[in-house]
Structures are given as C-alpha cells and as structure tokens.
Amino acid sequence: MAAVEVRDLIRKYRQGEDNMVRALDGVTLSIDTGEFVSLVGRSGSGKTTFLHCVGLLLRPTTGQVLIDGVDTTALTDGQRADFRGRRIGFVFRHQSLLPTLTALQNVMLPLRYGPIGTGGKKRARELLDLVGLGDLVNHRPGQLTVAESQRVAIARALIKAPALVVADEPTGEVDNETSDELLFLMQQLNRTSGVTFIIATHDIDVATCMDRVIRLSDGQVGADERLRVERGRRSSIR
Amino acid sequence: MEILHNIAQRRLRSTLTIGGIVVGVLALTLTGAMAEHFHAQFEGGDAYFRSNIQVADDAGSYAGVISLSKIDPIQKVPGVAVALPSIGLPARPGSATSVPLGAPDTIAYADPRERDHSRLKAALADGRQLQPNRQGEVVLGHDLANEYGVKVGDRLDLPIRPQNANPDFVNHPFKVVGILKKTNTLPDATASVGLLDAQMLLQESLPASFRDRLDPSSLASRITVYGKPGVDLDMLADRINATVPGVTATRPTDFVNNFDQGARFAAIAVGTALLALLFGAILLINTMVVAVIERQGEIALKMTFGAQPWHIVAEYLLEATIIGLVGGLIGFAAGAGLAALLDLAGRTVNMDVFLITDRLAKITLGLSLALGVGAGMIPSLRAARLDPDRALRAP
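These protein sequences, in sequence, are chains A and B. According to our numbering, the residues represented by the first sequence are 1 to 238, in order. According to our numbering, the residues represented by the second sequence are 239 to 633, in order.
What follows is the structure in structure tokens.
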C-alpha cells in the first residue's frame, strides 16, 4: 500500500469574477512508505497547492487523495482535521514557532489537539535531543537561530509519530550550509523512523539530495525521477 | 499560560481594553451600590410601613403633632389591634445641609409594644435598650453613632446644634446606652429616646407662638396603628378615617408608593453605567478581532496539528473571557474601594449612600464574564472559519 496516492488531482482557484485558474491540472502519482521525495518547480507551479491537498488543508476540486489507503476526499471536515492531526506532520518555510512558548512547549503543541495521552513531554525531549537541541528545551524562539527554530519545527512535526511529513520550502530562509544540515537531519529521520517525507523546494540542488524528484510545471507532473544517493556519488535509477 | 502570554504581549492594547472594562465595571459597581442602598432602605421602609397605619392630625403632617386623646377612639375601631404613640423630629433642626440620598437624622420615640407587631427588627450591637420611664438616655442607630463618633457611655446633646442656631436654641445631654446593628434602613439614622424626653423635645420644636400652650404629655407626632391578624390595613385606614374625626389615616400602600423615587433615580444611574460597560464590550470585540487577524498564521498552524473549529473557538473565547474577568475584578475592587472612600467622606453630612452586597458582586462579576464571552463570540467564530490554505500562504 502506498503512503500517498493521488489520482487525477485538479484544484481550481477563482481569480477575479470570471477567471478560474487551475493550480493543479490532473496530477496522478504514488509515493511509497518511507520515501524521501522532493517536489520541485518554480513559483506558481502548484507545489504548495499539492502539499496542501495532500496535507488535507485544501479540498481538491476533483480527484482523489489517498493516504495509507484512506480516501481522504470522502471524509468530513472534522474527520479530515482529526486525520491530519494524527497522521501528517508539517514543516513550513517561515518561522512557525509560537513566540510565547518554549522549544519544548512548541514541540508538544500538537498534542493539545487529539486524544489525551501520556508521555508526551518525554517524547518531546527525546525529539529535541534527536535534532540536536537537547540543551535548549527552555529557550523561546526569540533566543533561537533560524536553523535551530527549523529543527524545533521538524521535531514538532514528528511528535505524534505521523505516517507522513509535508515540508514546504523548509530551507527557504537559511544559508546553504544550514540548508544542507537541515536536509541531512530530515534524511536521517526518514531513514531511522521510516516516515515518508515530501519536501517542496524551488532549489534544484536541494532536490537532488533526495531519493526522488517530482517536477511540477503549470500544475502538472513534468518529470518524476527516482535517484539513489550513494556515498560521494549520485546516480539516476530512472 | 499561552493565553496569558498573548495578553501580556500586546501590553498597550490589552491595557486599554482592560481599562475600558474597568471603567465600565467601576461605574456599574458604584451605581449598583447606590441602587442596593436604596433597595435596602426601601425594603426596610416597606417592611415597617406596610405593617402599620400612620395616623396624623387632620391638619396633616404639617402640624407635626397629634393629641394622644385620639388613641382611645382609634383603638375602638373594629380590626385595630393596638394604637401607639410615635414621635419623630429632626435631630439637626434648621440645618442648611440637605440630604438628598440618605435618611435624615431623626430623634424618635417608638412604643416598646411595637416590637411585638413591627416587621422591622433592629438588634443591638452594643449596650442595652432604653429603660421605661427613665430620662436622659438614648439608643443610637449605627450610622448616627459613627457620624458623631460616640460609643456606649458617651454623652450626646440632642437635638444637634446647627451652625446657624438661633440664640434661643436649646438642647439637652443624653447618655448613650445602646447602639444598634447596621440595618441599612431608617433605624441607622435614628436616635431613640424615651417618651417623656421625646415629648419634651417635640414641644420645644414647635413654633414659639403656641408651644407653651400645649401640654407635652398629651402630644405625639403621629399614632401608629397595627391591625389584628388577617385585617386588610388599607381598608382599616379607610375605616379609621370614616369613624374617628380629626385624624387622617394613610393607607400603607399609598405610604410605601412614595418611597420609590430614590429607586428610580438609582435605576437610571445603573442604566447609564451599563452603557459604559457596553463601551468596554465594544473595545474587547475590537481587540479580539484584531488579535484574530494578527494571529491567522498561528490559527492555521494549529489547524495543521488537527485543531477542530471548536478548539479554535474555545481558545479565543477563553482569552476574551479572561480579559473580561480581569477587567471585572479590577473594576469591582476599584468601585468598592471608591464607594467606601466616598461613604467615609460623606459620613459627616450623612451621605452614606453606597452598599456593596454579595448580590452586587455576583451580578457585576457575572456581567463581566458574560461580557467576555459575548464579546469574544464573533471573533472566535471568525477564527474558526479561517481558510488555512490562504493563511499559510500569506507572507
């Protein structure tokens, strides 16, 4: 069973009174469990719209989005919110931490929505250790660098042990060196946890660090290339 | 904690919003305390004057005196249980100070047998009741004792000499033998003396042209009539008027209906204060609407974590409620403090007009809570309907 399956996905937006824009125009693809996938394309190609459809933040105009075999387009809004909270983690380009909470509290924030469980604080600490911020648990976002903030955001995305992490330009506001560090971190987390990652980027250098590159152009899949990264070499499988 | 941080983060805006609510609640507390004061006085007056018939001389209360010879014929009217002499006169005669909002200080005599019939009971806080046939003793109401700073055993000259007293003004020393508990009604401003003393003071209060022609032992200000159980007092008053010449018996319902002017004034004042509170509510709505607009990204973020619309509504509603409650608590405390200060300052001119009650506290704080919930409803529903796709794309 694929982690994500998208069938003939169309999403239209109204622009002005008479104009309908097709942000996604019949996208069909499948992403396996544990894949580390990049979604590339220039601004306006439909990357964010695709991620929001897969992340259940946006209903497709037509088409289906299946996550772990569940047809999410058939769910009610409440069911979609619940599913999203349990199964999907998000990382954004912009600093998305709440400034009034500490790093630990930010990581635990998703636990507020959903069934009340135990051990959340312990898991949050473990995740912050995993992303290299074990010493900064009580720091507020104002006391963190951009890179550190993104690490917290990555930890937060994983707090509920999701099946899928959707990241929209997570390295968009950092320098190249930090970008590499963040990508390496996400890659490691992908390898160790088996969580599927879909990372949108307009930077081809970032994209080619992934297992697979899906190129979007004008709302359609232009190319879908599986890569394998071996030590010191990149080779194209397909 | 997050909500408190959010409130603290926008200090100026939060301060102005809470300040607006504080002003409204303070005004409501003050006017509400005035209304409670009038209500207590009205209740006390209602309890007393609805339970008896006040009978005056046919010349009306202007004459100020009635002959005790009227007691016997009144007593014989069917339905009358007892007819008792009552005396009341100003404790500060000729004073230039007007007392628009409180009960005037009064020297009074009430027959001890009234205690068996009257619904208004005043208990002693200190000392003892007057002893029959003893002169030179006084039992003071709570406010009167405070006003003149006297306690049991002290001396008080009655009536109180006004600043512009005539050369022939006379008063007499009285020993304070008892002080009543506060009732928030007329007894608080009363100096109760024995019959002989009251008759003497009543005679001295009459115009000089005829005061010496009257036998003080035959005088009272009015006769207080209590009916037998089950008797309609309004009808009994009519019967007394029809049967006994030279007197005017006022129906209790007519007597009581004249009390509500102060209550109407208080109601208007409370209505005005509610307008001030409405201003606070509008401020809060504005603050919350702006907060929702500013925190769209945060709301969208929470939606990505699985927050349902009711989660979002609850969070913003709670924030608005906390603001309303904080404003309410501060406003009530400030209002109660100001009421106490104003009462303290006004005590020397008998302007004790505020009464802070449990009921007032509950109503004021309840309204603050309702204000928070009501003002927060529209912004929080708006937050719940946010489009996360659009909000997350915003720069």
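Backbone N, C-alpha and C define an ideal beta-carbon position, used for all residues, glycine too.
Practice problem: Could you check which residue in B:D435, B:P411, B:K389 has the C-alpha nearest to that of Q369 (chain B)? | Solution: Looking at the Cα atoms, B:D435 is the closest of the given residues.
message: Let me see if you follow: with CB-CB separation under 8 angstroms, is A81 (chain A) close to chain B or not?
response: The Cβ of A81 (chain A) sits closer than 8 angstroms to at least one Cβ of chain B.
### Query
Would you say L474 (chain B) and V376 (chain B) are within 8 angstroms of each other, going by their C-beta atoms?
Their beta carbons are not under 8 angstroms apart, which means L474 (chain B) does not touch V376 (chain B) by this criterion.
H202 (chain A) beta carbon less than 8 angstroms from that of S38 (chain A)
No, Cβ-Cβ distance for S38 (chain A) and H202 (chain A) is not below 8 angstroms.
I need the straight-line Cα distance from N190 (chain A) to A629 (chain B), nearest angstrom please. For N190 (chain A) and A629 (chain B), the distance between alpha carbons rounds to 28 angstroms.
So, does the CB of S96 (chain A) fall closer than 8 angstroms to a CB anywhere in chain B? Judged by the 8 angstroms Cβ criterion, S96 (chain A) is in contact with chain B.
N19 (chain A) - containing beta strand (DSSP E), residue span = Here the beta strand (DSSP E) through N19 (chain A) covers 19–31.
Please list the partners that T73 (chain A) has in chain B, where partner means a Cβ-to-Cβ separation under 7 angstroms.
Under the 7 angstroms cutoff, chain B gives no residues; its nearest Cβ is about 15 angstroms from T73 (chain A).
So F184 (chain A) contacts chain B; which residues on that side make the cut at Cβ distance below 7 angstroms? The CB of F184 (chain A) never comes closer than 7 angstroms to any CB in chain B; the least such distance is about 24 angstroms.
Going by DSSP, what residue range makes up the alpha helix (DSSP H) through R125 (chain A)? Under the DSSP assignment, R125 (chain A) falls in the alpha helix (DSSP H) whose first and last residues are 120–130.
How long is the line joining the alpha carbons of R84 (chain A) and G544 (chain B), rounded to whole angstroms? Near 6 angstroms, if we compare the C-alpha coordinates of G544 (chain B) and R84 (chain A).
Give the DSSP-derived three-state secondary structure of Y113 (chain A) in the structure shown. Note: Y113 (chain A) maps to coil in three-state DSSP.
Q: Please report the residue range of the beta strand (DSSP E) in which K413 (chain B) lies.
A: Note, K413 (chain B): beta strand (DSSP E), 410–418.
Nearest-angstrom Cα separation, counted from H243 (chain B) out to D8 (chain A): In this model, D8 (chain A) and H243 (chain B) are separated by some 45 angstroms (Cα to Cα).
| query | Does the beta carbon of M526 (chain B) come closer than 8 angstroms to any beta carbon on chain A? | reply | In terms of beta-carbon proximity, M526 (chain B) stays away from the interface with chain A, with every pair separated by 8 angstroms or more.
Does the segment 59–73 of chain A come close enough to the segment 143–157 of chain A that 3 or more CB-CB pairs lie under 8 angstroms? They do not touch, by the three-pair rule.
ask   = Going by alpha carbons, who is nearest to R249 (chain B) out of B:L598, B:A529, B:D296, B:L624?
value = The candidate whose alpha carbon is nearest that of R249 (chain B) is B:A529.
To which residues of the same chain is R372 (chain B) closer than 8 angstroms at the C-beta, ignoring the five residues directly before and after it? Scanning its chain for C-beta atoms nearer than 8 angstroms, with the 5 sequence neighbours on each side dropped, one finds around R372 (chain B) the residues G432, in chain order.
Open item on the list: Check whether chain A comes within 8 angstroms of R631 (chain B), counting only Cβ atoms and requiring the distance to be less than that.
Closed with: Taking Cβ atoms only, chain A reaches closer than 8 angstroms to R631 (chain B), which makes this a yes.
Taking the alpha carbon of D89 (chain A) as the point to measure from, which residue in A:V107, A:A2, A:L227 has its own alpha carbon closest? Residue 89 (chain A) is actually Gly in this sequence, not Asp. Looking at the Cα atoms, A:V107 is the closest of the given residues.
Let me know the beta strand (DSSP E) ranges lying completely inside the segment 166–238 of chain A, each 3 residues or longer, listed in chain order. Within the segment 166–238 of chain A, the complete beta strand (DSSP E) runs of at least 3 residues are 196–201, 212–217, 220–230, 233–236.
- prompt: Bridge partners of I345 (chain B), per DSSP?
  reply: Note: I345 (chain B) sits in a beta bridge opposite B:L327, B:A429.
(request) Show which residues of chain B have a CB atom less than 7 angstroms away from the CB atom of L109 (chain A). (result) Near L109 (chain A) (Cβ distances below 7 angstroms), the residues of chain B are F543.
| field | Limits of the alpha helix (DSSP H) - the one that S289 (chain B) falls within | value | Note, S289 (chain B): premise wrong, no alpha helix (DSSP H); not H, not E.
| request: Report buried or exposed for R393 (chain B), applying the criterion of at least 16 other Cβ atoms within 10 angstroms of its Cβ. | output: The residue in question, R393 (chain B), is exposed, as its Cβ has fewer than 16 Cβ neighbours within 10 Å.
Kindly say whether H139 (chain A), judged by its beta-carbon, lies nearer than 8 angstroms to any beta-carbon of chain E. Note that chain E does not occur in the displayed structure, where the protein chains are A and B.
task = Check whether the Cβ of F36 (chain A) lies closer than 8 angstroms to any Cβ atom in chain B.
result = No, its Cβ sits nowhere closer than 8 angstroms to a Cβ of chain B.
**Asked** Three or more beta-carbon pairs under 8 angstroms between the segment 554–573 of chain B and the segment 606–624 of chain B, yes or no?
**Response** Yes, they touch.
**Study point:** In DSSP terms, what S307 (chain B) is bridged to
**Key:** For S307 (chain B), which the question treats as bridged, DSSP gives no partner whatsoever.
Exercise. Do we get a CB-CB distance below 8 angstroms when we pair G114 (chain A) with the residues of chain B?
Worked result: With 8 angstroms as the cut-off, G114 (chain A) counts as an interface residue toward chain B.
Check: Between which two residues does the beta strand (DSSP E) harbouring L394 (chain B) extend?
Finding: 393–396 is the extent of the beta strand (DSSP E) around L394 (chain B).
Next on the checklist: Tell me which residue opens and which closes the alpha helix (DSSP H) that T48 (chain A) is part of.
Outcome noted: Following the DSSP letters along the chain, one finds T48 (chain A) inside the alpha helix (DSSP H) bounded by residues 47–54.
- Query: Which same chain residues, not among the five before or five after F92 (chain A), have their C-beta less than 6 angstroms away from its C-beta?
  - Reply: So the list reads D168, once near-sequence residues are dropped.
- Expressed to the nearest angstrom, what Euclidean distance is found between the alpha-carbon atoms of A363 (chain B) and T344 (chain B)? When rounded, the distance between both Cα atoms is 19 angstroms.
- Residues of chain A with CB under 8 angstroms from Q546 (chain B), in chain order? Residues of chain A passing the Cβ test: G78, A81, D82, Y113.
- Query: Are the beta-carbon atoms belonging to A273 (chain B) and V508 (chain B) less than 8 angstroms from one another?
  - Reply: Yes, the Cβ-Cβ distance between A273 (chain B) and V508 (chain B) is below 8 angstroms.
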